[in-house]
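As structure tokens, the structure follows; a few thoughts come after it.
2 protein chains.
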Amino acid sequence: MSKFLLEKYKNMVAYIPGEQPKDRAYIKLNANETSMKPSPKVLEVLKSSRMNGLGHYADPDAKELRTAIAELNDVAMNQVFVGNGSDEVLGFLFLAYFNEQSKICYPDITYGFYQVFAKTFGINGKQIPLKEDFTVDVDAYVKTNRHVILANPNAPTGYYLPVSEIERIVVSNPNRLVVIDEAYIDYGNESCIPLTKKYDNLIVVHTMSKSKNLAGAHIGYCIASEKLIEDLNGIKYSFNPYSMNDITIAIGTAAIKDTAYYKKCIQEIINNREYTKCELERYGFTVLDSATNFIFVTHPNLHAREYNAKLREHGILARYFDSERIQNYLRITIGTRQEMEQVIMVTSLILEELVA
Amino acid sequence: MSKFLLEKYKNMVAYIPGEQPKDRAYIKLNANETSMKPSPKVLEVLKSSRMNGLGHYADPDAKELRTAIAELNDVAMNQVFVGNGSDEVLGFLFLAYFNEQSKICYPDITYGFYQVFAKTFGINGKQIPLKEDFTVDVDAYVKTNRHVILANPNAPTGYYLPVSEIERIVVSNPNRLVVIDEAYIDYGNESCIPLTKKYDNLIVVHTMSKSKNLAGAHIGYCIASEKLIEDLNGIKYSFNPYSMNDITIAIGTAAIKDTAYYKKCIQEIINNREYTKCELERYGFTVLDSATNFIFVTHPNLHAREYNAKLREHGILARYFDSERIQNYLRITIGTRQEMEQVIMVTSLILEELVA
Numbered sequence: 454m455s456k457f458l459l460e461k462y463k464n465m466v467a468y469i470p471g472e473q474p475k476d477r478a479y480i481k482l483n484a485n486e487t488s489m490k491p492s493p494k495v496l497e498v499l500k501s502s503r504m505n506g507l508g509h510y511a512d513p514d515a516k517e518l519r520t521a522i523a524e525l526n527d528v529a530m531n532q533v534f535v536g537n538g539s540d541e542v543l544g545f546l547f548l549a550y551f552n553e554q555s556k557i558c559y560p561d562i563t564y565g566f567y568q569v570f571a572k573t574f575g576i577n578g579k580q581i582p583l584k585e586d587f588t589v590d591v592d593a594y595v596k597t598n599r600h601v602i603l604a605n606p607n608a609p610t611g612y613y614l615p616v617s618e619i620e621r622i623v624v625s626n627p628n629r630l631v632v633i634d635e636a637y638i639d640y641g642n643e644s645c646i647p648l649t650k651k652y653d654n655l656i657v658v659h660t661m662s663k664s665k666n667l668a669g670a671h672i673g674y675c676i677a678s679e680k681l682i683e684d685l686n687g688i689k690y691s692f693n694p695y696s697m698n699d700i701t702i703a704i705g706t707a708a709i710k711d712t713a714y715y716k717k718c719i720q721e722i723i724n725n726r727e728y729t730k731c732e733l734e735r736y737g738f739t740v741l742d743s744a745t746n747f748i749f750v751t752h753p754n755l756h757a758r759e760y761n762a763k764l765r766e767h768g769i770l771a772r773y774f775d776s777e778r779i780q781n782y783l784r785i786t787i788g789t790r791q792e793m794e795q796v797i798m799v800t801s802l803i804l805e806e807l808v809a
Numbered sequence: 454m455s456k457f458l459l460e461k462y463k464n465m466v467a468y469i470p471g472e473q474p475k476d477r478a479y480i481k482l483n484a485n486e487t488s489m490k491p492s493p494k495v496l497e498v499l500k501s502s503r504m505n506g507l508g509h510y511a512d513p514d515a516k517e518l519r520t521a522i523a524e525l526n527d528v529a530m531n532q533v534f535v536g537n538g539s540d541e542v543l544g545f546l547f548l549a550y551f552n553e554q555s556k557i558c559y560p561d562i563t564y565g566f567y568q569v570f571a572k573t574f575g576i577n578g579k580q581i582p583l584k585e586d587f588t589v590d591v592d593a594y595v596k597t598n599r600h601v602i603l604a605n606p607n608a609p610t611g612y613y614l615p616v617s618e619i620e621r622i623v624v625s626n627p628n629r630l631v632v633i634d635e636a637y638i639d640y641g642n643e644s645c646i647p648l649t650k651k652y653d654n655l656i657v658v659h660t661m662s663k664s665k666n667l668a669g670a671h672i673g674y675c676i677a678s679e680k681l682i683e684d685l686n687g688i689k690y691s692f693n694p695y696s697m698n699d700i701t702i703a704i705g706t707a708a709i710k711d712t713a714y715y716k717k718c719i720q721e722i723i724n725n726r727e728y729t730k731c732e733l734e735r736y737g738f739t740v741l742d743s744a745t746n747f748i749f750v751t752h753p754n755l756h757a758r759e760y761n762a763k764l765r766e767h768g769i770l771a772r773y774f775d776s777e778r779i780q781n782y783l784r785i786t787i788g789t790r791q792e793m794e795q796v797i798m799v800t801s802l803i804l805e806e807l808v809a
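Chains Z and P, in that order, are what the protein sequence lines are. Residue numbers for the first sequence follow our numbering, beginning at 454 and rising by one. Residue numbers for the second sequence follow our numbering, beginning at 454 and rising by one.
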């Protein structure tokens with residue numbers, strides 16, 4: 454840390470992303486990514502003559518991508534803001550709306566980045582505990598007047614709140630913002646995007662890193678009322694006008710349009726999720742009902758920390774959170790069928806060793 | 454603007470990038486871009502099997518790209534910070550070091566983004582006038598204790614300050630930061646990057662949007678002491694850990710390594726610049742000595758505003774700044790030889806019409 458860094462960052466605790474070790478070839482099930490390929494249309498764009506024109510700046514408004522997203526979600530283009538991953542979208546959103554005087558809240562068990570953000574920017578952030586059964590305590594969000602950040606489905610639990618419950622929070626106080634992070638919405642859930650036409654205090658954040666198989670391209674967006682989007686564009690134009698480059702605009706558009714391909718991929722993930730859940734339950738695991746591309750599991754005789762270490766020894770990376778309420782749970786991303794069969798096979802070996 | 458936007462942004466004036474009109478095919482010489490292709494190595498990477506793996510997150514440390522940049526500039530990898538364009542690098546830098554209590558300064562005539570930034574984030578920004586001849590008043594920067602932001606070469610003037618002059622500013626006060634934006638350094642000038650090994654208050658910012666023919670990929674970086682880079686990475690990890698996606702890491706690395714290709718492109722731009730300068734002078738223009746990929750020109754009988762409008766009618770876009778001291782100057786990007794021949798031909802027509 455240099456002597457020049459602003460005082461307010463002295464307590465900065467950076468977010469620790471899922472590790473990317475290179476010491477051997479791992480089956481990576483620790484960051485809710487996928488080894489499935491992007492849409493063939495995405496790969497075509499990367500090979501197209503458009504790339505010869507990279508000497509020119511991209512459209513700073515990213516209209517092509519925003520139009521495609523708007524059509525997919527049945528909203529106006531001016532209701533769409535795009536960024537380099539949903540993290541950047543959240544970043545602009547935090548910059549625009551929250552400062553040292555702001556009060557926000559989010560669950561105690563959720564995507565760790567909200568807390569990192571709040572700490573970095575000196576925002577008064579309160580963790581509202583999930584209920585005993587790890588579901589979101591909707592009444593607590595209705596009662597508080599703090600701005601709300603909720604991941605829905607939540608991570609790492611995988612639980613989904615129906616749109617009517619989100620709406621209860623949104624209507625309860627029109628003078629605070631409600632940010633719903635729908636990173637995992639595509640795995641069989643209903644989005645609350647239609648509510649953005651009715652309420653001007655709701656922002657719905659999406660990512661292409663999960664269901665579009667594009668974590669490595671890191672494209673995210675949010676949908677909200679036109680006024681909120683105008684704010685975000687204002688901040689973006691003051692911070693990084695060309696934040697989306699022409700490659701991400703082009704491949705993002707291609708991905709958004711290829712719904713048929715991704716529908717197939719998503720169905721495969723859902724099938725593999727149910728297969729994995731079923732198999733692990735046969736081995737005595739409790740597997741939380743997941744509405745996402747990961748599962749959150751616990752076992753009566755095998756501590757999650759040990760399970761994680763053993764999986765790693767066998768070349769499989771999962772995500773362990775060393776946090777009080779969930780220290781005996783492990784989050785495992787759902788990969789291809791072959792990858793999940795490997796998980797089951799290795800798990801049975803680990804359990805056998807335990808008995809021996 | 455929504456009711457939720459923080460009070461401090463109410464006076465926000467967004468940066469206006471060079472326009473990207475699509476009503477016809479223009480020769481675009483208004484944003485210091487290029488119609489030259491990126492390196493063939495860049496295009497190869499985009500077609501390679503690496504792109505099949507976009508389902509996985511990129512290395513959040515972007516080590517591959519930072520290593521290539523470090524080797525090119527003969528510094529340590531930990532002295533390199535990368536971002537989505539030099540604007541984003543400047544953005545993180547402003548977030549890290551400047552707030553409402555900070556005092557910064559920059560020339561009255563320079564890249565408009567510094568002023569936009571200062572206004573957006575409520576930083577006390579002072580414009581120090583260029584001298585009568587449009588050169589930087591180095592003594593004024595030595596005397597002030599404000600943090601310094603200087604573009605070198607400067608835009609839109611095109612003038613370059615030698616490293617010894619930069620060093621004078623840097624040593625004059627080790628307790629303030631000096632940020633040197635070397636966006637146009639590659640067009641025949643000496644970089645002050647070596648000074649970063651000697652001084653811990655210097656940050657040198659580079660972009661691949663100009664001399665690497667990659668405006669559309671929007672990749673930038675800065676080089677400074679390891680402690681300053683540690684600060685910037687901390688902010689980045691709290692704001693957008695995966696800010697560089699795997700595509701930009703891959704093509705940025707390929708571009709940095711293909712020095713032979715870009716050396717040729719740069720030489721072509723320099724040749725075209727001298728050709729254009731020479732031709733315009735023959736037509737009575739005064740052309741400031743440029744150390745960049747653009748020229749700044751004025752004519753005794755043709756007002757710059759009119760010259761700009763006429764060029765546009767003929768399908769050529771240049772950049773006019775409606776600002777007091779430079780309102781009779783026009784900035785023209787140096788393109789390919791064919792594009793510059795067209796500029797000269799059209800200019801001669803415009804001047805003929807004037808006489809008629």
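From the three backbone atoms N, C-alpha and C, an ideal C-beta is built for every residue, glycine too. These numbers come from a predicted model, not from an experiment.
Secondary structure at V528(P): coil, using DSSP grouped into helix, strand and coil.
For Y559(P), the enclosing beta strand (DSSP E) covers residues 556 to 560. Residues of chain P whose Cβ lies closer than 9 Å to the Cβ of A529(Z) do not exist, since the nearest Cβ in that chain is about 16 Å away.
Between F587(Z) and T610(Z) the beta-carbon gap is near 5 Å, inside 8 Å, which marks them as a contact. Interface flag for M504(Z) against chain P is set, since a Cβ pair is found closer than 8 Å. Residues of the same chain with a CB within less than 7 Å of the CB of N642(P), apart from the 5 flanking positions on each side, are P606, Y613, A744 in chain order.
Rounded to whole angstroms, G544(P) and H752(Z) show a C-alpha spacing of 46 Å. Cβ neighbours of V631(Z) within its own chain (closer than 7 Å, five residues either side excluded): V601, I622, V623, N654, L655.
For L764(P), no Cβ of chain Z is located within less than 8 Å of the residue's own Cβ. When DSSP assignments are scanned along the stretch 562 to 614 of chain Z, the uninterrupted stretches of beta strand (DSSP E) that are 3 or more residues long and fall wholly within it turn out to be 577 to 581, 600 to 604.
If you keep only unbroken beta strand (DSSP E) runs of at least 3 residues inside the stretch 675 to 714 of chain P, you get nothing at all. According to the DSSP assignment, T789(Z) belongs to no alpha helix (DSSP H), since it is labelled neither H nor E.
Residues of chain Z whose Cβ lies closer than 8 Å to the Cβ of D653(P) are, in chain order, S455. Counted as a single uninterrupted DSSP element, the alpha helix (DSSP H) harbouring D540(P) occupies residues 538 to 550.
Interface flag for E497(Z) against chain P is unset, since no Cβ pair is found closer than 8 Å.
V498(P): member of the alpha helix (DSSP H) spanning 493 to 500, first to last residue. Taken through DSSP and simplified to helix, strand or coil, R503(Z) comes out as helix. The stretch 484 to 499 of chain P makes contact with the stretch 707 to 718 of chain P: 3 or more CB pairs, one atom from each, lie closer than 8 Å.
For L459(Z), no beta strand (DSSP E) encloses it, and the DSSP letter there is neither H nor E.
If you ignore the 5 residues before and after R519(P), its C-beta comes within less than 7 Å of the C-beta of M530, V533, V535, all in its own chain and listed in chain order. Counting only the Cα atoms, L741(Z) lies some 37 Å from T701(P).
Going by DSSP, I748(Z) is part of no alpha helix (DSSP H) but of the beta strand (DSSP E) stretching over 747 to 751. Around A484(Z), the beta-carbon contacts reaching into chain P at under 9 Å are H509, Y510. Taken through DSSP and simplified to helix, strand or coil, R629(P) comes out as coil. Shortest Cα-Cα distance from G538(Z) to any of R503(Z), K475(Z), E635(Z), E766(Z) involves E635(Z).
L546(P) and Q568(Z) have their C-alpha atoms roughly 22 Å apart.
Close partners of K481(Z) in chain P (Cβ separation under 7 Å): H509. Annotation: the stretch 646 to 670 of chain P contains no complete segment of the alpha helix (DSSP H) (minimum length 4 residues).
Distances from the alpha-carbon of S691(Z) to those of N746(P), I704(P), T573(P), Y652(P) put T573(P) closest. R772(Z) carries a strand assignment under DSSP once its states are collapsed to helix, strand and coil. Only residues of its own chain outside the window of five on either side were considered, and among them none has a CB closer than 6 Å to the CB of M798(Z). Residues of chain Z whose Cβ lies closer than 9 Å to the Cβ of I676(P) do not exist, since the nearest Cβ in that chain is about 14 Å away. For F692(Z), the neighbours in chain P by C-beta distance under 7 Å run, in chain order, G544.
Selection A523(P), D527(P), I576(P) evaluated against L548(P) yields I576(P) as nearest (Cα-Cα). Residue pairing of G673(Z) in beta bridges, as defined by DSSP: G536(Z), T660(Z). Residue pairing by DSSP places L804(Z) in no beta bridge whatsoever.
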